[in-house]
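Take a look at the structure below.
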Amino acid sequence: MDYKPEPELLSESSERLFSFGVIADIQYADLEDGYNFQGNRRRYYRHSLLHLQGAIEHWNQERSPPRCVLQLGDIIDGYNAQYKASEKSLERVMNTFQMLRVPVHHTWGNHEFYNFSRDYLTNSKLNTKFLEDQIAHHPETVPSEDYYAYHFVPFPKFRFILLDAYDMSVLGVDQSSPKYQQCLKILREHNPNTELNSPQGLREPQFVQFNGGFSPEQLNWLNAVLTFSDRNQEKVVIAIFPFTPRPLTVCAWPGITETPWRSFGLTSAWCASSPATLTMAAILRTLTVCTTST
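Quick note: the sequence shown uses full-length UniProt numbering, first residue 1, plus one each step.
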């Protein structure tokens with residue numbers, strides 16, 4: 001499925017600059033079809049790999065190939081951990097990605113942490129931080145190793161920022177660590193339910209265990225990068241594990257309780273994080289960036 005700009009947004013003087021691909025929620029597993037946690041949405045575990053292969057074939061055949069592809073998380077399903085198939089399934093998906101002729105940037109979702117620890121992911125092929133851009137003489141734009149986030153420039157005057165939506169989370173971290181205890185405390189302060197994945201009765205239903213949030217350190221770093229981009233008249237794309245505004249249980253915590261891809265007050269910032277979590281099968285989008293001469 002291709003995204004086509006609305007006709008009224010373009011004019012005869014519009015010029016295509018570049019495009020990039022977006023895919024999310026592959027959630028591959030070598031299993032028969034099943035259903036989601038609520039039991040109301042069908043999941044096509046094996047078939048999702050065919051969707052990925054189709055997306056890659058589409059991107060590779062584009063007359064003007066995308067500059068990159070953003071993989072927005074949940075690359076394999078959490079069921080893999082139950083069947084001790086996490087590494088095998090990840091390897092199969094990553095081998096499929098090797099067919100892609102352009103760079104792919106990975107973000108991490110809750111299903112990554114159902115299968116792997118944060119330390120494992122940091123040292124895996126799902127860490128594409130080596131593709132980051134270094135801004136000379138601006139150390140404030142260098143992300144900390146404490147969270148998985150970075151920025152890069154696929155085209156002049158366009159900066160893409162990948163964020164770590166599980167920077168603050170009880171998922172993927174050692175239960176004896178101070179960070180786990182800190183996140184568990186935050187979670188319990190907002191969620192008194194015995195089942196921490198249940199939003200039942202919560203005034204702030206985003207405070208559930210399968211969600212995560214952004215630390216002040218990551219948000220301060222993001223502000224520094226956006227400030228640099230604003231001063232240098234760059235357009236910004238924020239790529240993030242695709243939380244959606246409805247239902248509220250899939251919004252980030254703590255601190256950001258609505259759509260976490262807002263532009264943080266800077267008019268130059270906009271986002272490519274589509275609500276792809278609403279479907280189980282992998283979604284293919286090719287977004288085209290255009291400019292209009294005046």
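We put the CB at the ideal spot given by N, CA and C, even for glycine.
Separation of residue j from residue i, as counted between CA atoms
i, j, result
"T107", "T122", "11 Å"
"S228", "M168", "Residue identity check: residue 228 is Phe in the sequence provided, not Ser. If I take the Cα positions, the gap works out to 25 Å."
"R101", "N60", "6 Å"
"H111", "L17", "34 Å"
"H47", "I26", "9 Å"
"R92", "A85", "11 Å"
"Q181", "R188", "10 Å"
"S19", "T194", "46 Å"
"S125", "P199", "Sequence check: residue 125 is Lys here, not Ser. About 33 Å."
"I161", "N191", "31 Å"
"E217", "C183", "15 Å"
"P154", "Y44", "33 Å"
"Q209", "L202", "13 Å"
"Q134", "N36", "40 Å"
"Q82", "A136", "45 Å"
Per-residue DSSP class, three states only, for residue i
i, result
"Y35", "strand"
"Q82", "helix"
"V69", "strand"
"Y28", "strand"
"V142", "coil"
"V104", "strand"
"S89", "helix"
Own chain partners of residue i with C-beta closer than 7 Å, once the 5 adjacent residues on each side are dropped
i, result
"F241", "L72, G73, T107, W108, G109 and A165"
"K179", "V173"
"L131", "P103, H105 and F152"
Sheet register partners of residue i (DSSP bridge)
i, result
"A239", "L162"
"V173", "Its beta-bridge partners do not exist; DSSP assigns none."
"R42", "Y35"
"G213", "M168"
"V225", "According to DSSP, which records beta bridges pairwise, V225 is partnered with nothing at all."
"I76", "Y28"
N-terminal and C-terminal residue of the beta strand (DSSP E) that residue i is part of
i, result
"R16", "S14 to I23"
"F152", "Y150 to F155"
"H138", "Segment: none, H138 is in no beta strand (DSSP E) and carries neither H nor E."
Sequence-distant residues of the same chain with beta carbon closer than 8 Å to residue i, five excluded per side
i, result
"T96", "L49, L52, Q53 and I56"
"G34", "R42, R43, Y45 and Y79"
Residue interval of the alpha helix (DSSP H) (run including residue i)
i, result
"residue 295", "Here the chain covers residues 1 to 294 and nothing more, so residue 295 does not appear."
"T122", "R118 to T122"
"E189", "P178 to H190"
"Y147", "Segment: none, Y147 is in no alpha helix (DSSP H) and carries neither H nor E."
"F113", "N110 to N115"
Cut-off 6 Å between Cβ atoms - residues of its own chain near residue i, not counting five sequence neighbours on either side
i, result
"S117", "G172"
"W221", "P143"
"N80", "A29, S86, S89 and N115"
"E140", "A224"
"T128", "H105 and H106"
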